[in-house]
Amino acid sequence: MEVHYEELSHRLSPGTSCTNLGSSLDLASMADLEEENIQGSLRFSLFYDQLQSKLVVTVLDAQDLAVRDFSHNVDPFVWVRLLWAEREDEEQSSMQCVLDEWQTRLVKKSCSPVFGDQFSCTLAEEEVPRVTVRFEVRDFDKYSRHGILGEARAPLNSLKLSYPLELREDLQVPKKDMVGEALLSLKYMPTSQRLEVGVLKIRTVCHPNKTERALYAKTSITSNHCKLRHQRTKQKKRWEVTVFNEVLTFVLPDQQIRECTIIVSVYEIQPSNKSSKHLIGHIHIKKDKTFENEHWKLMMQSLRQPIAKWHFIFI
523 MEVHYEELSH
533 RLSPGTSCTN
543 LGSSLDLASM
553 ADLEEENIQG
563 SLRFSLFYDQ
573 LQSKLVVTVL
583 DAQDLAVRDF
593 SHNVDPFVWV
603 RLLWAEREDE
613 EQSSMQCVLD
623 EWQTRLVKKS
633 CSPVFGDQFS
643 CTLAEEEVPR
653 VTVRFEVRDF
663 DKYSRHGILG
673 EARAPLNSLK
683 LSYPLELRED
693 LQVPKKDMVG
703 EALLSLKYMP
713 TSQRLEVGVL
723 KIRTVCHPNK
733 TERALYAKTS
743 ITSNHCKLRH
753 QRTKQKKRWE
763 VTVFNEVLTF
773 VLPDQQIREC
783 TIIVSVYEIQ
793 PSNKSSKHLI
803 GHIHIKKDKT
813 FENEHWKLMM
823 QSLRQPIAKW
833 HFIFI
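Structural data, given as structure tokens:
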């Protein structure tokens, strides 16, 4: 069995059968956040210090944020990510990696919060045009997933940052960013009620200045927003294409397997520091009453046979 999966992964190299499966799934997960529910704006400033080769990002305030429920208030904070493009090509979508990320302090019960939080990152001047700053405004929820109130983006290739530049941007519907791709295999055995998820290869963008890192993937099975099972792969030293060739087996009742979501979360970690875990991105393979992923269809059409496909990883 292991040999079969290994041969399967060798026959499929990155890009040979890559489809937009992950794209529609990840964007579909944002479908409940419709444009009419997005309102408000975010004010921030950007500055590139040439003497210190440092990018300085300041989150100043937000205004007129939307209210998600009947409480008539939100507890907002801002998640900031620096996205670095693999290549400087505006005509084609480029794979990206997260150079750094921060979050502002939480401001309770305010639709127009003032933050005043400043962050900085060492960045070579020639790399500035490849960077986009993504601001995601979230509503803190102690008991569930944080709500998303909208996002603003600032591509640095179109800005002059030799002096502090202050901007106010209207919030937009959040978009996902492609940060990698993974070769996954699916196999379903109805008699034994087993679902096998093979994590074969993961391709990510490695920034030249990053220290040695390792990768692992955590696979979760959910149904009706409830996590049923999860497993993770072993850690592997990170390369441009990291080979795992691991198969994770889940035993679940037939009904749960036939209507569930497989979530593969890819993490980066420093081998010498276990607390340095950092999420790279997710893949969603979904089957429910309203949507069925193409990879899932192929698996159900070829029972007891592993079916491999490339999926985009999004953050």
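Going letter by letter, the sequence shown gives residues 523 to 837 in this note's numbering. All C-beta atoms, glycine included, are put in the ideal place defined by N, C-alpha and C.
Can you give the Cα-Cα distance for residue i and residue j, rounded to whole angstroms?
i	j	result
Q625	V636	14 Å
Q715	L774	6 Å
N679	V769	42 Å
K709	M822	8 Å
Q694	L587	12 Å
Y685	Q572	10 Å
G669	V655	20 Å
Q827	R760	29 Å
P730	H747	38 Å
C633	D583	10 Å
R735	H594	44 Å
S824	L577	51 Å
T764	I724	5 Å
I835	E762	14 Å
S797	G720	26 Å
N559	N767	43 Å
L750	K756	21 Å
S794	T733	11 Å
V579	S745	39 Å
L683	L689	12 Å
C643	S666	31 Å
Checking the sheet assignment: what are the DSSP bridge partners for residue i?
i	result
V786	T741 and I805
T617	Reading off the sequence, residue 617 comes out as Met, not Thr. Bridge partners of M617: none, in fact.
P677	T654
E623	R603
V636	D583
K749	T744
R590	BP columns for R590 are empty, so no partner.
L568	V579 and L687
Give the range of the beta strand (DSSP E) segment to which residue i is assigned.
i	result
R652	From DSSP, R652 is part of no beta strand (DSSP E); its letter is neither H nor E.
K664	Per DSSP, K664 belongs to no beta strand (DSSP E) and is neither H nor E.
T580	K576 to Q585
D692	L687 to D692
T771	V763 to V773
Q757	Note, Q757: premise wrong, no beta strand (DSSP E); not H, not E.
E703	M700 to M711
Helix or strand or just coil, what does DSSP make of residue i?
i	result
I837	coil
E610	coil
E718	strand
I560	coil
N795	strand
E647	helix
S684	coil
T726	strand
P598	strand
K631	coil
K831	strand
L573	coil
R826	coil
A736	strand
S551	Note that S551 scores a pLDDT of 38, beneath 50, so its modelled location is shaky and nothing firm can be said.
Start and end of the alpha helix (DSSP H) containing residue i?
i	result
H817	E816 to Q823
Q777	D776 to R780
Identify, in the order they occur along the chain, each residue of the same chain with its Cβ nearer than 6 Å to the Cβ of residue i, setting aside the five sequence neighbours on each side.
i	result
K831	H817
M617	E608, M700 and V727
V653	L604, W606 and L678
I779	L717
S742	K749, H752 and I785
E623	R603
Can you list, in chain order, the residues of its chain with a C-beta nearer than 7 Å to that of residue i? Leave out the 5 residues immediately preceding and following it.
i	result
P651	E610, L678 and N679
K740	H752, R754, S787 and Y789
E691	S563, L564 and A674
A646	S575
G803	V701, G702, V788, I835, F836 and I837
F662	D597, F599, L628 and H668
L801	S787 and Y789
R590	V596, D661 and G669
I'd like the list of long-range same chain contacts for residue i, defined as Cβ closer than 8 Å, with 5 residues on each side in sequence excluded.
i	result
Q561	D586, L587, A588, G672 and L693
R627	F599, F637 and D639
E718	S707, L708, K709, Y710, M711, V769, L770, T771, F772 and P828
L687	S567, L568, F569 and L681
K758	A736, L737, Y738, T764, V765 and F766
R660	P598, F599, V600, W601, H668, G669, I670 and L671
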